[in-house]
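Visitor: Shown below is the structure under consideration.
Numbering (my numbering), first residue to last: 379 to 547.
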């Protein structure tokens, strides 16, 4: 694990701050721009940690965030899933490589093909995969961010669940 104040960890802390700022945005365009900035910081972070599949998955997420500013069609979603799988196959280094690739594919599926409670639930699965990956590779900022996002998403899932239950009653 890199030291607490190493360049790798500092980039992870920057990604953490940008990720929190991202989820505080109410404007979709600003949300996606902050997410792109978070991904850019993570690319450097994971590169310095020596995690090529995490770099590739995050680069795909960066492209996905930028593309989603203009397009949100199934074809674009399928393109990013195929890209994630191709990069994952090319960069595969063992079972740990599967976590960021799976998380990227799951996130893309959630964002391009689902909405509401189902989208949030699938995003939670992707978040948990990133959380495990970040714990295993020693990403301090990444671990903190994914833990915070998991808690926030669980809260939102509970709210959506209750709202659906009230609407059905």
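Quick reminder that beta carbons are idealized off the backbone N, C-alpha and C, glycines included.
1. By DSSP, does residue 387 sit in helix, in strand, or in coil?
2. In whole angstroms, give me the CA-to-CA distance for residue 500 and residue 488.
3. Give the straight-line distance between the Cα atoms of residue 396 and residue 416, rounded to the nearest whole angstrom.
4. Can you tell me the Cα-Cα spacing of residue 424 and residue 477, whole angstroms?
5. Quick one: is residue 431 buried, meaning 16 or more other Cβ sit within 10 Å of its Cβ, or exposed?
6. Along the alpha helix (DSSP H) that carries residue 365, what are the first and last residues, could you check?
7. To which residues of the same chain is residue 504 closer than 6 angstroms at the C-beta, ignoring the five residues directly before and after it?
8. Quick one: using the 10 Å Cβ neighbour count with 16 as the cut-off for buried, is residue 387 buried or exposed?
9. For residue 514, collect the residues of the same chain with a Cβ closer than 7 angstroms to its Cβ; drop the 5 residues on either side in sequence, then sort them by chain order.
10. So, with DSSP's three-state summary, where would you put residue 448?
11. Helix, strand or coil: which one does DSSP assign to residue 485?
12. Compare the C-alpha of residue 443 against each of 490, 472, 429 and 460 and name the closest.
13. Hey, could you find the ends of the alpha helix (DSSP H) residue 424 is sitting in?
14. Around the Cβ of residue 451, are there at least 16 other Cβ atoms within 10 angstroms (buried) or fewer (exposed)?
15. Check for me: the alpha helix (DSSP H) holding residue 494 runs from which residue to which?
16. Under a three-way DSSP split, which group does residue 456 fall into?
Guide: Taking the coordinates as given:
1. helix
2. 6 angstroms
3. 5 angstroms
4. 13 angstroms
5. buried
6. No answer is possible for residue 365: it lies beyond the span of the chain, which begins at 379 and ends at 547.
7. 481, 484 and 485
8. buried
9. 474
10. coil
11. helix
12. 490
13. 406-426
14. exposed
15. 494-515
16. helix
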